[in-house]
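Read through the structure below, which is laid out as structure tokens, and then see the notes.
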Amino acid sequence: MQPVTKGIYRLRLADGAEDVIAAQRLRHLAFHGGADTGAEPGLDQDAFDAICTHAMLEDLRSGQLVCCFRMLDLADGRQIGRSYAAQFYDLSALTRFAGPMIEIGRFCIHPDHHDPDILRLAWAGLTCHVDAQGIEMMFGCSSFRGTDQSRYADAFALLKENHLAPRDWLPGIKAPQVYAFGSQVTHAPDKRLALQAMPPLLRTYLMMGGWVSDHAVIDPQMNTLHVFTGLEIRAIPEARKRLLRAVMA
């Protein structure tokens, strides 16, 4: 991923330990609200940081980091056991995926920044990386804030109705605490309420043809409910690909 500047924002890869720490600090704010929960106060960090490439999106006016995410490139599905998601989901079905894959993790936007251009530029940068590396599937964990599934009843109903993974790739249950909405949800979704409750990152995945696991992992440590999310690159509508590439032009 080459550095790119669009308007007031610059997207680039982390350059050294100080950049990674800045990303960990933003993640801590976004995911933990500033509460000290880890070994290093003020930082969200884990062992996967050392094997991932970190992307940084900065506001050029202030130099503030407003978005970050990390990427783990995998040669094919046989390497999926190396991923962060493999801790929580049985991904044995995806070991048969023959093409290059990338896991997108710890994607977050500063809670004080709501400019849609931030998410747009981040996705455009990802698109360029996917193109350059010949990636055939993107995946990751899409998080709902908190662990009360009743807050997201319509969102989970919509996921069940329209967005479950193909049978060939469906993740199995591995985590000790899950909400099996694929079998437990029985009501029809209110689409408006569902989309309001859906995390922006997940909405974007779904608009591009993404799919999810049939259960959400209840993660008390991160205070989230998350669903495994996959996106086969060939499923993305060509018009949307052109729009994303145009951002980087």
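The letter at position 114 of the sequence shown is residue 129 when you use this note's numbering, and the numbering goes up by one with no holes.
Beta carbons are placed, not taken as given, at the ideal position from N, Cα and C, and that holds for glycine.
Please read these numbers as outputs of a predicted model, since none were measured by experiment.
Close beta carbons around residue i, own chain, < 7 Å, minus the five adjacent residues each side
i: F46; result: D59, C123 and M237
i: L136; result: K21, Y24, L26, L72 and V262
i: L41; result: L80, C83, C123 and H125
i: L259; result: W138, A139 and T142
i: M16; result: L28, A70, G140, C143 and H144
Three-state secondary structure assigned by DSSP to residue i
i: G78; result: coil
i: H241; result: strand
i: M16; result: coil
i: S158; result: strand
i: V35; result: helix
i: T219; result: helix
i: I248; result: helix
i: F104; result: One detail in the question is off: residue 104 reads as Tyr in this sequence, not Phe. Correct three-state label for Y104: strand.
Span separating the alpha-carbon of residue i from that of residue j
i: L271; j: G31; result: For residue 271 there is no data in the structure shown, the boundaries of the chain being 16 and 264.
i: D74; j: D132; result: 11 Å
i: A220; j: I251; result: In the sequence as displayed, the identity of residue 220 is Tyr instead of Ala. Going from the Cα of Y220 to the Cα of I251 covers about 9 Å.
i: Q39; j: R182; result: 35 Å
i: G187; j: M86; result: 23 Å
i: Y167; j: V232; result: 14 Å
i: P18; j: H144; result: 11 Å
i: H128; j: A212; result: 18 Å
i: P215; j: Q148; result: 25 Å
i: V193; j: D163; result: 11 Å
i: A65; j: R121; result: 13 Å
i: F154; j: S198; result: 23 Å
i: F159; j: D169; result: 13 Å
i: D146; j: G48; result: 35 Å
i: L210; j: V242; result: 15 Å
Where residue i falls, given that 16 or more other Cβ within 10 Å makes a residue buried
i: M222; result: exposed
i: H230; result: buried
i: Q102; result: exposed
i: E247; result: buried
i: S157; result: buried
Residues near residue i in its chain [Cβ-Cβ closer than 8 Å; skip 5 each side]
i: L89; result: I95, R97, S98, P115, M116, I117 and E118
i: L185; result: A108, L179, S228 and D229
i: I36; result: L58
i: D34; result: H69 and M71
i: D105; result: P186, G187, I188 and K189
heavy atom of the ligand HEM below 7 Å from residue i C-beta
i: V262; result: Here there are no bound small molecules, and the ligand HEM is not part of this structure.
Beta-carbon proximity list for residue i, same chain, < 6 Å, skipping 5 on both sides
i: F171; result: F196 and V200
i: A190; result: F103 and V232
i: L174; result: V227
**Request:** Could you tell me whether the region 106–120 touches the region 22–31, using the rule of 3 or more Cβ pairs below 8 Å?
**Result:** no
**Request:** Would you check if there are 3 or more beta carbon pairs closer than 8 Å linking the region 196–212 to the region 69–88?
**Result:** no
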